[in-house]
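Asks:
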Amino acid sequence: MLLEIDNLYVNYKSYWYTLKVLNGVWLKVEKGERVGIIGESGSGKTTLLKTILRVLPQNGIISKGEIRYDGRNILKLSDSELAKIRRKEIGMIFQDPMAALNPVFKIRDQLYDILKYKMTTEGHNPSSKELYEESLRIFNDVRLPDPDRVLESYPFQLSGGMRQRVMIAMALASAGKLLLADEPTTNLDVTIQDQILKLIHRLVVEKNLSIILVSHALGMVYQMTDKVYVLYAGDIMEEAETRKMFNKPKHPYTQLLIASTPRLSSVGVGEGIRGKLPDYRNPPAGCRFAPRCPYVMDKCINTKPSRIQLSAEHTVSCYLYD
Ligand SMILES: Nc1ncnc2c1ncn2[C@@H]1O[C@H](COP(=O)(O)OP(=O)(O)OP(=O)(O)O)[C@@H](O)[C@H]1O
Ligand SMILES: [Mg+2]
Numbered sequence: 001m002l003l004e005i006d007n008l009y010v011n012y013k014s015y016w017y018t019l020k021v022l023n024g025v026w027l028k029v030e031k032g033e034r035v036g037i038i039g040e041s042g043s044g045k046t047t048l049l050k051t052i053l054r055v056l057p058q059n060g061i062i063s064k065g066e067i068r069y070d071g072r073n074i075l076k077l078s079d080s081e082l083a084k085i086r087r088k089e090i091g092m093i094f095q096d097p098m099a100a101l102n103p104v105f106k107i108r109d110q111l112y113d114i115l116k117y118k119m120t121t122e123g124h125n126p127s128s129k130e131l132y133e134e135s136l137r138i139f140n141d142v143r144l145p146d147p148d149r150v151l152e153s154y155p156f157q158l159s160g161g162m163r164q165r166v167m168i169a170m171a172l173a174s175a176g177k178l179l180l181a182d183e184p185t186t187n188l189d190v191t192i193q194d195q196i197l198k199l200i201h202r203l204v205v206e207k208n209l210s211i212i213l214v215s216h217a218l219g220m221v222y223q224m225t226d227k228v229y230v231l232y233a234g235d236i237m238e239e240a241e242t243r244k245m246f247n248k249p250k251h252p253y254t255q256l257l258i259a260s261t262p263r264l265s266s267v268g269v270g271e272g273i274r275g276k277l278p279d280y281r282n283p284p285a286g287c288r289f290a291p292r293c294p295y296v297m298d299k300c301i302n303t304k305p306s307r308i309q310l311s312a313e314h315t316v317s318c319y320l321y322d
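To convert, note that position 214 of the sequence shown is 214 in our numbering; the numbers rise steadily by one, no gaps.
Below, the structure is given as structure tokens:
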């Protein structure tokens, strides 16, 4: 097992209130496994990925839980151990590229830092010519034009699409074992989206990387993953092998989510799911989906359902299967 998350609780605090976002999240990623996370906007997907990499904003508090990565407890690592992991083992493609790049350093310094660290730990001390050539190769992979200018630029001097590709290049260079991809192609124009996805796919296969892919594009999740988790309002509602999840979803939320995505369902038009996410200041005590669920029962309101193992590759948290 490369990554194992258990019973993870994350809150955002402000002076006036606490948002109780992640509510006992669990998740497992094997070496080389490709895992998808789906769920509507505001469910906590980005929060979860940032928690794994320990890059939550300052008001994000991990109140409980365990994250074991490659035999180590991520929540107990020192800053220097974390820095090593971020440079060489876990790469993250952020939904917001500005958040990933350091505004005060030129792209060259940020990219060379990763490359140098990687090559040095592989027993080779690279010359600046080698670093430069490796950068050109990486930028070519992500179809980034004008590499010389990009290297000499600060992040704010680049266009949004260029920044996104620089960030993808850096994430791929630092992802020795695990790639966290949060909506990796949403800020890119369509012509390049497909190329970037193919590149990610190729690297995942070549390097036997594990990947956690977060996306609203369910078709992409279907194509690119082995297993999917459904996250709703900070709770894992269902886990299944990808084909099973899309063909035979069990949780009412998953069923509605998939049915509301027109191209994937045979039901036809997507109507969306009625109602909205709960208020994280005062979330439902039982199943967090209960207020919107067409099959809601009394017990759903008061007590959170536990995990039910339907088969080896299918788990659901819902009283309908109790
Ligand atoms: N720094 C923060 N301070 C306070 N609340 C936050 C902060 N970051 C996120 N939140 C809240 O936490 C909840 C989950 O946000 P998150 O960004 O993890 O959702 P998401 O599933 O990634 O959504 P999307 O699909 O839109 O990217 C939201 O209600 C959001 O407003
Ligand atoms: Mg997000």
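Just so it is clear, CB atoms sit at the ideal spot from N, CA and C, and this is done for glycine as well. These figures come from a predicted structure and were not determined experimentally.
Looking only at its chain, what residues have a beta carbon closer than 6 Å to the beta carbon of K118, apart from the 5 residues adjacent to it on each side?
Replies: If we look at K118 and ignore the five residues flanking it on each side, its Cβ neighbours are K88.
Asks: Does the beta-carbon of L164, which I'm using as the reference point, lie nearer than 7 Å to any heavy atom of ligand 1?
Replies: Strictly speaking, residue 164 in this sequence is Gln, with Leu absent from that position. The answer is no for Q164.
Asks: Can you give, in chain order, each stretch of the beta strand (DSSP E) that sits fully within the stretch 223 to 272 and has at least 3 residues?
Replies: Listed in chain order, the complete beta strand (DSSP E) runs (minimum 3 residues) inside the stretch 223 to 272 are 227 to 232, 235 to 241.
Asks: Beta-carbon within less than 6 Å of V29's beta-carbon, same chain only, minus the 5 sequence neighbours each way: which residues are those?
Replies: Excluding positions up to five away in sequence, the list reads L2, L3, V35, S210.
Asks: Cβ of S215 within 7 Å of any heavy atom in ligand 1?
Replies: Incorrect: S215 has no Cβ contact closer than 7 Å to ligand 1.
Asks: Spell out the partners DSSP gives M297 in its beta bridges.
Replies: BP columns for M297 are empty, so no partner.
Asks: Have a look at R149, A312, T47, L115 and flag the residue whose alpha-carbon is nearest the alpha-carbon of A233.
Replies: Among R149, A312, T47, L115, the Cα nearest to that of A233 is on T47.
Asks: Buried or exposed: H251, going by 16 or more other Cβ atoms within 10 Å of its Cβ?
Replies: Buried, because 16 or more other Cβ atoms sit within 10 Å of the Cβ of H251.
Asks: Going by other Cβ atoms of all chains shown within 10 Å of its Cβ, with 16 needed for buried, is M170 buried or exposed?
Replies: Looking at its Cβ environment, which holds 16 or more other Cβ atoms inside 10 Å, M170 is buried.
Asks: Please work out which residues of its chain come closer than 6 Å, Cβ to Cβ, to A379, disregarding the five sequence neighbours upstream and downstream, and give them in chain order.
Replies: This structure gives no information on residue 379, because the portion of the chain shown stretches from 1 to 322.
Asks: So is I52 buried or exposed if we call it buried at 16+ other beta carbons inside 10 Å?
Replies: Label assigned to I52: buried.
Asks: So for T46, helix, strand or coil by DSSP?
Replies: Reduced to three states, the DSSP call for T46 is helix.
Asks: Would you say K50 faces chain C, with C-beta separation under 8 Å as the test?
Replies: Chain labels in this structure do not include chain C; a single protein chain is all it has.
Asks: Would the beta-carbon of T46 be found less than 7 Å away from any heavy atom of ligand 2?
Replies: Within the cutoff, so yes.
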